[in-house]
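Please read the structure below before turning to the comments.
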Amino acid sequence: MLLIFTVLACFLLNAASYETLNGQAKSAFKELNVILNRKIDWSDELEKRALEYLKSPSTVKADMIIKGKKTFPKDDSSSLGIKTWNAFDECFKKNEKKVRNLPEGSKYGCNLIFKTTAKNQILNGVCLYNKKK
11 MLLIFTVLAC
21 FLLNAASYET
31 LNGQAKSAFK
41 ELNVILNRKI
51 DWSDELEKRA
61 LEYLKSPSTV
71 KADMIIKGKK
81 TFPKDDSSSL
91 GIKTWNAFDE
101 CFKKNEKKVR
111 NLPEGSKYGC
121 NLIFKTTAKN
131 QILNGVCLYN
141 KKK
């Protein structure tokens, strides 16, 4: 009986630890990247690693990293996709040449953590890139 509860507890912890990226935010990340380089490919694995990076940056490596953080008023009712675009648009403009120069077949994945405080909404995100070798 104890074994069953232990296995069940481990299963529930593992299921709760993987957070999927919001569809609108994922679309915004993909669009920002495709505008600059149509020859790179989204990676679900890098999406997961991007979330790990946000939680513990020193444990995840990538060939290139683009980080973004933006604070919004608590009453901002924009979609998460619009907020993602607004948080990362300037970051992608600053890194435009680097993204454009990624070789065909390179992989990328992005993720974010979105928090609401008493006064603000905070979006903290990252995109990880691995060049095709």
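Here our numbering is used: position 85 in the sequence shown is 95, and no number is missing along the way. Even for Gly, the Cβ is constructed at its ideal location relative to N, Cα and C.
A residue is called buried when at least 16 other Cβ atoms come within 10 angstroms of its Cβ; R59 meets this threshold and is buried. Nearest to L31 by C-alpha distance, out of G91, V109, R110, E106, is G91.
Counted as a single uninterrupted DSSP element, the alpha helix (DSSP H) harbouring T94 occupies residues 90-104. For the pair of segments examined, the segment 129-136 was found to touch the segment 77-87: the number of CB pairs separated by less than 8 Å reaches three. Secondary structure at K141: coil, using DSSP grouped into helix, strand and coil.
In this structure the segment 109-119 touches the segment 45-61; the number of beta carbon pairs closer than 8 Å is three or more.
Nearest C-alpha to K103 among Y63, S37, N43: N43.
The C-alpha of N47 is placed about 16 Å away from the C-alpha of K36. Here DSSP, grouped into helix, strand and coil, assigns G115 to coil.
Linking T127 to I76 through their CA atoms gives a straight-line distance of about 25 Å. Boundaries cannot be given for K49, as no alpha helix (DSSP H) includes it and DSSP labels it neither H nor E. For T127, there is no enclosing beta strand (DSSP E), since its DSSP letter is neither H nor E. Annotation: G115 to I50 spans about 5 Å, alpha carbon to alpha carbon.
In the structure shown, the three-state DSSP call for V136 is strand.
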